[in-house]
Amino acid sequence: MSQLQPTNRPINHIAISCTDIDGLVKWYKNVLGFEVISDIQHCIKTKDPTPFETIFVSYPPSLQELKFAILTTGNGVCIECFQFIDPPPKPRDEDFEYTRAGVFHICVTDRNPEILLKKIVDEGGRTLGGWMDYSRFGLEGHKGIYTQDPWGNVVEIMSLSLERVSSTGTALMNAAKMLAKGKLA
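As structure tokens, this is what we get:
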């Protein structure tokens, strides 16, 4: 049997859950500009077992009812939106559960993060913390901020890609370390 070679795989989709899928789909469409590619589906196991036999076979038997929709982003990464009805979702322990292991935010790129932030807040979201300034990495005028949608999902906004911030920042930090050690003239 051949070994699976590691490759740099693309993200196919992420899934988020909420307590109001109609509101969530509308919010992500109107505020973040995501497109709906699969309208909201309402599945009740006793009335329509087919989705449970195919799509939801990986969920525990306790799952009896849910709604879901699929959105797509500007770069083709999809967002699966779920509203679990039976059993219902459990409330969060904190507003921003950054200490909980697992995925804790998504990030969108927007050239004008201040404008998007205002729209998020105007549409029921909120700001978490302050602005991250990327000028220290030589990326003048670029920044990012954490926000939260009305359902508590954390959405970071960055004015440019993380790949660019990280590569520029790492190069500058490595140069600063070498300079401090006297190895860079």
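Residue 1 is where the sequence shown starts when you use the UniProt record's numbering, and the numbers rise one by one after that. C-beta atoms are modelled at their ideal positions from N, C-alpha and C, and glycine is treated no differently. Predicted, not measured: the structure shown is a model, and the values here were computed from it.
- In this structure, the CA atom of residue 141 is about 7 Å from the CA atom of residue 134.
- Judged by DSSP secondary structure, residue 157 falls within the beta strand (DSSP E) whose first and last residues are 154 to 158.
- Taking all protein chains in view, the Cβ of residue 159 is crowded by 16 or more other Cβ atoms within 10 Å, so the residue is classified as buried.
- According to the DSSP secondary-structure assignment, residue 67 is paired through a beta bridge with 42 and 83.
- Cβ-Cβ distances below 7 Å link residue 125 to 147, 148, 149 and 150 in the same chain, with the five nearest sequence neighbours on each side left out; the list follows chain order.
- Between the region 70 to 77 and the region 23 to 41 there are three or more C-beta pairs closer than 8 Å, enough to call the two in contact.
- Annotated three-state conformation of residue 146 is strand, per DSSP.
- Residue 168 sits in a helix when the DSSP states are folded into three classes.
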